[in-house]
Structure formats: C-alpha cells, structure tokens
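Enquirer: What follows is a structure written as structure tokens; I'll ask about it next.
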Amino acid sequence: IRIQGNLDPRWSDWLEDMSIVSEQTEDGRPSTVLRGLVADQAALRGVLTRLWDLNLAVISVTRIDRQREEA
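This is the structure we're talking about:
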C-alpha cells in the first residue's frame, strides 16, 4: 500500500504489523510504502479504514503473489 506523505514506523503495530518505509515519488513528493501479509479482504479493509481515520491519502494498493516473492 502506498500512501501520500510520511508515516512514522511506530504505527506498524496498529496497522497489522506492516513494515513502513518512507520514500519519494518520481516527482520528489514524500510517500510511504506499507508492506505485509493481509489475511483476507476484511483485514485489508481494516488497514485501509485505519489509514482513512489518520486522514492519509492512499495512492495505490498492489497485490504481490506470495509464491512469486519466495522464488
């Protein structure tokens, strides 16, 4: 999940123990990438709702095939 702006890594516990890494977009704007396993659609919705509650703009959500990642 990529969000606009910077998010402190201390939010990881509240966001399903996702890793939180600050980056910059191609145009130099700050963004944050959250990465981790999400059990199902309900858990994903929970994470997205928490980001909404923090008033953070979601730029993208990308599904990564776990099998491909392990190869």
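Everything in the sequence shown is counted per the numbering used here, starting at 1 for the first residue and increasing by one. Glycine residues also receive a C-beta, built at the ideal position from the N, C-alpha and C atoms.
Inspect the beta-carbon positions of Val21 and Val33 and report whether they are closer than 8 Å.
Expert: Against the sequence shown, residue 21 aligns to sequence position 21. Against the sequence shown, residue 33 aligns to sequence position 33. Taking 8 Å as the Cβ cut-off, Val21 and Val33 qualify as a contacting pair.
Enquirer: So, Ile3 versus Ala57, is the Cβ gap smaller than 8 Å?
Expert: What you label residue 3 is simply residue 3 of the sequence shown in a count that begins at 1. What you label residue 57 is simply residue 57 of the sequence shown in a count that begins at 1. It is a contact, given that the beta carbons lie within the stated cut-off.
Enquirer: Is DSSP giving Leu44 helix, strand or coil here?
Expert: As a working note, residue 44 is residue 44 in the sequence shown. It is helical.
Enquirer: What are the partner residues of Arg2, as DSSP defines its beta bridges?
Expert: Along the sequence shown, one-based indexing puts residue 2 at 2. Its beta-bridge partners are Val33, Ser60.
Enquirer: Are the C-beta atoms of Ser12 and some chain B residue less than 8 Å apart?
Expert: Protein chain content of the structure displayed is limited to a single chain, and chain B is not contained in it.
Enquirer: What do you reckon, are the CB atoms on Ser19 and Gly36 nearer than 8 Å?
Expert: Numbered from 1 along the sequence shown, position 19 holds the residue referred to as residue 19. Numbered from 1 along the sequence shown, position 36 holds the residue referred to as residue 36. Yes.
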